[in-house]
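So in full-length UniProt numbering, the last spot in the sequence shown is 66, and the numbers never skip.
Using N, Cα and C, we set each Cβ at its ideal position, and we do this for glycine too.
Please read these numbers as outputs of a predicted model, since none were measured by experiment.
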Amino acid sequence: MKLLIKYLIYSLVMVTILIISLNIFRDHPEAQFAFIFPGIFLVVFSKIMDDTVRNIAKHVRHPKFR
């Protein structure tokens, strides 16, 4: 359940950042900081991928045998 909530929050944050960056770029094309938001989007996405790869690697390294 915690993992589901975590991915839900990450998804909402990514969509919100994408929408905000598109609105800022559309409303204020001269703003240089409009490129910061896609950078944050990439950082959040890489964090999700790191968590996913780490969890998969943990399960592969420690199989449960009976």
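- Annotated three-state conformation of Met14 is helix, per DSSP.
- In the three-state scheme derived from DSSP, where H, G and I count as helix and E and B as strand, Met1 is classed as coil.
- For Val15 and Leu4, the gap between their C-alpha atoms comes out near 16 Å.
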